[in-house]
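Novice:
Protein chains: 2
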Amino acid sequence: MLKAKFILEETITRLYRDSSPTCMKVADLGCSVGSNTLLVISNIINIVHTTCTLLNRDPPTFQFYLNDLFGNDFNTTIKLLPDFYTKLLQYKEHDSCFINVTPGSFYGRLFPSNSINLFHSSNGLHWLSQDPFLGLSKEALNKGNCHIVTTSPPSVYKIYLKQFQKDFELFLKSRSEELVPGGAMILLLLVKTETPRRSIFETISLTLSDMLLEGLIEEEKLDSFNIPTYEATMEEIREVIQEEGSFFIEESEIDMVPWDGRKIEDGEDFSVDGDIRAEFITRYIRAVMEPLLVANFGTKVMNELFIRFQKKVVELMKVERLEYANLMISLTKTCS
Amino acid sequence: MLKAKFILEETITRLYRDSSPTCMKVADLGCSVGSNTLLVISNIINIVHTTCTLLNRDPPTFQFYLNDLFGNDFNTTIKLLPDFYTKLLQYKEHDSCFINVTPGSFYGRLFPSNSINLFHSSNGLHWLSQDPFLGLSKEALNKGNCHIVTTSPPSVYKIYLKQFQKDFELFLKSRSEELVPGGAMILLLLVKTETPRRSIFETISLTLSDMLLEGLIEEEKLDSFNIPTYEATMEEIREVIQEEGSFFIEESEIDMVPWDGRKIEDGEDFSVDGDIRAEFITRYIRAVMEPLLVANFGTKVMNELFIRFQKKVVELMKVERLEYANLMISLTKTCS
């Protein structure tokens with residue numbers, strides 16, 4: 391995690407040092423709801439202010455754009471802004487930070503050409519723009535599952551990968567048009583590493599498969615649904631970046647993060663507090679996944695689904711480390 | 391109303407013709423909620439597109455900023471955007487319009503310096519930034535009323551006027567810093583003309599005074615409350631603009647609009663459909679005023695208040711024209 395913090399600082403410092411904009415325009419893509427998205431803003435301001443002090447320059451003004459899908463609850467974040475502005479004023483200049491909201495999908499254009507200095511995106515890019523099987527029949531390929539599971543044939547991986555490649559390419563193309571020359575991007579997303587590792591989405595899929603077998607959900611509902619996420623490998627990500635051609639990779643770092651976000655010490659006994667940790671993980675995953683699952687399976691089965699998910703997590707924790715791999719990658723726009 | 395439409399078209403056409411920005415940045419200040427604010431966007435786009443056709447130029451891209459206070463319900467407007475974008479695509483180029491939300495008070499800075507081409511504000515600027523009596527005692531001056539009424543002494547007018555002058559000056563100063571050189575503003579607001587005219591806010595104040603006399607609301611609640619609106623005269627507006635010095639007035643037009651927005655023919659019998667019109671007016675005013683009134687008087691008295699308001703409107707309509715004066719003013723930033 392220290393390396394990731396270092397990449398963030400390095401990218402922002404380099405960007406500011408090389409371009410010194412009087413107004414620094416920053417967009418947070420997939421900002422979600424609440425105070426975390428405002429934490430990103432104050433982190434970025436702090437890093438730039440430290441750089442300015444070192445370089446003996448006046449700090450720039452900032453124009454931030456918080457982006458998420460049209461259905462996101464922006465009102466909740468907006469209501470946090472008065473307090474946030476008051477706190478900023480306590481130690482910064484007045485009128486130095488202007489915060490906007492930009493609704494829409496980042497798989498497409500969001501800003502005018504040549505208008506943004508820095509893009510930041512945390513935990514958004516492993517979400518696909520749509521169900522990768524849309525218009526295709528998955529029944530013969532991945533019957534009874536709604537994500538990639540250990541028993542899925544390679545063709546299922548390929549369909550997911552194809553959607554990821556298409557989406558990520560469109561993402562890069564859109565951002566490169568919107569970035570000023572020399573502009574930068576910092577992306578954080580879930581990825582797959584060489585070590586085989588159980589994913590959260592696979593665990594949800596397996597829970598739903600169990601419920602299908604017990605007649606608790608309808609077969610046709612499971613058949614028509616796929617969780618639209620893909621954890622790409624670093625190699626797959628690198629390939630799309632190289633083929634699209636607008637960016638080069640400055641740095642990257644993969645961190646292993648336990649499902650409950652807790653720091654893991656080597657040799658630690660994973661069964662300790664298993665129930666509490668499983669409950670915490672389930673509450674978090676439910677907050678993220680429930681809107682999508684409700685839309686397909688209805689509200690009635692949600693409690694049962696997450697009770698079963700939690701039990702599965704408790705069992706799995708006894709035999710393996712439940713971790714995900716988080717990639718932080720820093721990209722700079724090529725000057726072509 | 392035709393003249394007002396002409397002013398809008400003239401201002402936007404002149405602005406585009408003289409500056410031809412590749413990306414035209416427009417902010418709607420006090421956008422409120424719903425489809426009307428999106429209508430402003432399509433109006434502006436249409437006028438610029440017509441101008442481009444006449445001048446044989448490619449149309450610009452647009453970046454819109456919808457502004458209102460932090461407590462405004464932005465989610466509702468944001469949910470209308472996907473349909474709005476789809477409709478735009480039917481007859482415009484792709485990626486030509488980017489819509490953002492900018493929460494905050496327009497009595498202060500909202501945007502970086504030199505960043506906006508056109509400001510538009512409809513029905514926002516007669517709202518003051520605060521209760522003009524804040525920190526002062528109004529008891530001796532305007533006892534039993536919560537706005538300027540016919541019996542209010544001149545000192546009450548003066549306190550309201552002073553707040554308006556302070557607010558409007560700060561508004562102009564903030565906007566002039568945010569506008570690009572040659573940038574323009576179109577403001578619509580309620581004003582006072584030479585003909586004495588009953589105001590909607592006075593009518594609410596009188597209704598509340600009646601309720602105080604009948605013991606339906608508490609004296610101290612009425613004493614601690616003032617409706618924070620002021621209808622300035624054209625002369626008062628002109629004076630602030632001249633003293634502040636950043637803008638000159640291109641054109642202005644005052645239209646008389648009946649409280650229910652209906653077009654009025656000369657010699658028309660105002661009592662026709664009085665009940666229906668009063669109900670319509672009351673519903674509209676309630677939507678605008680209720681949040682403010684609830685915060686001071688509580689929810690319990692709201693039904694009674696607006697039943698009485700509606701009755702008062704029916705009675706008043708029998709003896710006078712209930713109209714308000716709507717000023718549209720077009721301003722250009724002076725090149726200093």
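For the protein sequence lines, the chains are Z and L, in the order given. Here my numbering is used: the first residue of the first sequence is 391, the next is one more, and so on. Here my numbering is used: the first residue of the second sequence is 391, the next is one more, and so on. Every residue gets a Cβ at the ideal spot worked out from N, C-alpha and C, and that includes glycine. These figures come from a predicted structure and were not determined experimentally.
(1) Compare the C-beta of Z/Q520 with all C-beta atoms of chain L and state if any pair is closer than 8 Å.
(2) Whole-angstrom Cβ separation of Z/S505 and Z/E568, contact assumed at under 8 Å?
(3) Check whether the region 549 to 559 of chain L touches the region 624 to 638 of chain L, taking contact to mean three or more Cβ pairs, one atom from each stretch, closer than 8 Å.
(4) For the region 484 to 497 of chain Z, enumerate the residues whose C-beta is nearer than 9 Å to any C-beta of chain L, in chain order.
(5) Is L/C370 close to chain Z? Criterion is C-beta to C-beta, closer than 8 Å.
(6) Near L/N616, what residues of its chain come up, given a Cβ to Cβ distance below 7 Å and the 5 sequence neighbours on each side ignored?
(7) The beta strand (DSSP E) spanning L/P571 covers which residue range?
(8) Kindly identify the DSSP beta-bridge partner or partners of L/Q453.
(9) Roughly how many whole angstroms lie between the Cα atoms of L/T585 and L/E625?
(10) Listed in chain order, which residues of the region 438 to 457 of chain Z have Cβ atoms closer than 8 Å to some Cβ of chain L?
(11) Cα separation between Z/G605 and Z/P648?
(12) Following the continuous beta strand (DSSP E) through Z/T443, name the residue where it begins and the one where it ends.
(13) Which residues bound the alpha helix (DSSP H) around L/P472?
(14) In this structure, how does DSSP classify L/P648 when only helix, strand and coil are distinguished?
(15) Between L/K548, L/T541, L/G651 and L/F496, which has its C-alpha nearest L/K563's C-alpha?
(16) Check the Cβ-Cβ distances between L/I468 and every residue of chain Z, and say whether any is below 8 Å.
(17) Going by DSSP, which residues form a beta bridge with Z/V533?
(18) Starting from the C-beta of L/T597, find all residues in its chain whose C-beta is less than 7 Å away, skip the five residues before and the five after it, and write them out in chain order.
(19) Counting only C-beta atoms, is L/F699 closer than 8 Å to chain Z at any point?
(20) Would you check if the region 473 to 493 of chain L and the region 540 to 553 of chain L touch, i.e. whether three or more CB-CB distances between them fall below 8 Å?
(21) Taking the C-alpha atoms as reference points, what is the distance between L/L612 and L/G534?
(22) Beta carbons nearer than 8 Å to chain L: which residues of the region 689 to 716 of chain Z have them?
(23) If you measure beta-carbon to beta-carbon, which residues of the region 499 to 519 of chain Z are closer than 9 Å to chain L?
(24) Chain Z beta carbons: is any one of them nearer than 8 Å to that of L/L471?
(25) Could you check which residue in Z/E643, Z/F396, Z/Y475 and Z/S503 has the C-alpha nearest to that of Z/K732?
(26) In angstroms with no decimal places, state the Cα-to-Cα distance between Z/T672 and Z/F396.
(27) Can you tell me whether Z/C421 is buried or exposed, with buried defined as 16 or more other CB within 10 angstroms of its CB?
(28) Spell out a yes or no on whether the region 396 to 410 of chain Z and the region 424 to 440 of chain Z are touching, meaning 3 or more CB-CB pairs, one atom from each, closer than 8 Å.
(29) Determine the burial state of Z/E705: buried for a count of at least 16 other Cβ atoms within 10 Å of its Cβ, exposed for fewer.
(30) Does the region 421 to 436 of chain Z come close enough to the region 450 to 461 of chain L to have 3 or more Cβ pairs within less than 8 Å?
(31) Note down, in chain order, each residue of its chain lying with its Cβ closer than 6 Å to the Cβ of L/L579, except the 5 sequence neighbours on either side.
(32) Counting C-beta neighbours from all protein chains within 10 Å, is the total for Z/G627 16 or more, i.e. buried, or is it exposed?
(33) Could you name the residues of chain Z that L/D650 contacts, counting a contact when the two beta carbons are closer than 7 Å?
(34) Indicate the three-state DSSP secondary structure (helix, strand or coil) for Z/E604 in the structure shown.
(35) Can the beta-carbon of L/A417 be found less than 8 Å from the beta-carbon of L/F501?
Specialist: Taking the structure as given:
(1) Sequence index remark: in the first sequence, residue 520 of chain Z carries index 130 (1-based). No, its Cβ sits nowhere closer than 8 Å to a Cβ of chain L.
(2) On the first sequence, residue 505 of chain Z is found 115 positions in, with the first residue counted as 1. On the first sequence, residue 568 of chain Z is found 178 positions in, with the first residue counted as 1. With a contact defined as Cβ atoms closer than 8 Å, Z/S505 and Z/E568 qualify at about 6 Å.
(3) Verdict: yes, contact present.
(4) Residues H484, D485, F488, I489, N490, V491, T492, P493 and G494.
(5) Any question about residue 370 of chain L goes unanswered here, given that chain L covers just 391 to 726.
(6) As a working mapping, residue 616 of chain L is identified with position 226 in the second sequence. Hits under 7 Å: D521, P522, F523, K528, C536 and H537.
(7) Looking up residue 571 of chain L in the second sequence gives position 181. Here the beta strand (DSSP E) through L/P571 covers L569 to K582.
(8) To locate residue 453 of chain L, count along the second sequence from 1; it is residue 63. Bridge partners of L/Q453: L/K415 and L/F488.
(9) Working through the second sequence from its first residue, we reach residue 585 of chain L at position 195. Working through the second sequence from its first residue, we reach residue 625 of chain L at position 235. Note on geometry: alpha-carbon atoms of L/T585 and L/E625 lie some 14 Å from one another.
(10) Within the region 438 to 457 of chain Z, the qualifying residues are T451, Q453 and Y455.
(11) Within the first sequence, residue 605 of chain Z is the residue found at index 215, counting from 1. Within the first sequence, residue 648 of chain Z is the residue found at index 258, counting from 1. Roughly 32 Å separates the two Cα atoms.
(12) By 1-based counting over the first sequence, the position of residue 443 of chain Z is 53. Per DSSP, Z/T443 lies in no beta strand (DSSP E); the unbroken alpha helix (DSSP H) holding it starts and ends at S425 to L445.
(13) Numbered from 1 along the second sequence, position 82 holds the residue referred to as residue 472 of chain L. L471 to Y481 is the span of the alpha helix (DSSP H), which, as asked, contains L/P472.
(14) The sequence position of residue 648 of chain L within the second sequence is 258, counting from 1. DSSP places L/P648 in strand when its eight states are reduced to three.
(15) Within the second sequence, numbered from 1, the residue matching residue 563 of chain L stands at position 173. With distances taken between Cα atoms, L/K563 lies closest to L/F496.
(16) The count along the second sequence starts at 1 and reaches residue 468 of chain L at position 78. Residue contact check for L/I468 against chain Z: a CB pair falls below 8 Å.
(17) Position 143 of the first sequence, counted from the start, is the residue given in the question as residue 533 of chain Z. Correcting the residue identity first, residue 533 of chain Z is Lys in this sequence and not Val. None; Z/K533 has no bridge partner.
(18) For this step, residue 597 of chain L is matched to residue 207 along the second sequence. Only L695, R698, F699 and K702 meet the Cβ criterion.
(19) One-based indexing of the second sequence puts residue 699 of chain L at position 309. For L/F699, no CB of chain Z lies under 8 Å from its own CB, so it is not counted at the interface with that chain.
(20) Under the Cβ criterion (8 Å, minimum of three pairs), the region 540 to 553 of chain L does not count as touching the region 473 to 493 of chain L.
(21) Here residue 612 of chain L is taken as the residue at index 222 of the second sequence, counted from 1. Here residue 534 of chain L is taken as the residue at index 144 of the second sequence, counted from 1. Going by the C-alpha atoms only, they are around 7 Å apart.
(22) For the region 689 to 716 of chain Z, the set of positions with a beta-carbon nearer than 8 Å to some beta-carbon of chain L is empty.
(23) In summary, the residues of the region 499 to 519 of chain Z whose CB is separated from some CB of chain L by less than 9 Å are R499, L500, F501, P502, S503, N504 and S505, in the order they occur in the chain.
(24) Numbered from its first residue, the second sequence carries residue 471 of chain L at position 81. At least one chain Z Cβ lies under 8 Å of L/L471.
(25) This structure cannot settle anything about residue 732 of chain Z, because the visible part of chain Z is limited to 391 through 726.
(26) Looking up residue 672 of chain Z in the first sequence gives position 282. Looking up residue 396 of chain Z in the first sequence gives position 6. Looking at the two C-alpha atoms, the distance is approximately 31 Å.
(27) Taking the first sequence and counting its residues from 1, the one referred to as residue 421 of chain Z is at position 31. Answer is buried; the Cβ neighbour count reaches 16.
(28) Counting Cβ pairs under 8 Å, three or more are found: they touch.
(29) Sequence index remark: in the first sequence, residue 705 of chain Z carries index 315 (1-based). That one is exposed.
(30) The region 421 to 436 of chain Z vs the region 450 to 461 of chain L: no contact.
(31) As a position in the second sequence, residue 579 of chain L is number 189, starting the count at 1. The residues are L515, H516 and L717.
(32) Residue numbering aside, residue 627 of chain Z sits at position 237 when the first sequence is read from its first letter. Checking the displayed sequence, the identity of residue 627 of chain Z turns out to be Ile instead of Gly. Classification for Z/I627: buried.
(33) Here the question's residue 650 of chain L lines up with position 260 in the second sequence. Under the 7 Å cutoff, chain Z gives no residues; its nearest Cβ is about 30 Å from L/D650.
(34) Locating residue 604 of chain Z in the first sequence gives position 214, where the first residue counts as 1. The DSSP-derived three-state label of Z/E604 is coil.
(35) Here residue 417 of chain L corresponds to residue number 27 of the second sequence, with the count starting at 1. Here residue 501 of chain L corresponds to residue number 111 of the second sequence, with the count starting at 1. Going by beta carbons, L/A417 and L/F501 fall inside the 8 Å limit.
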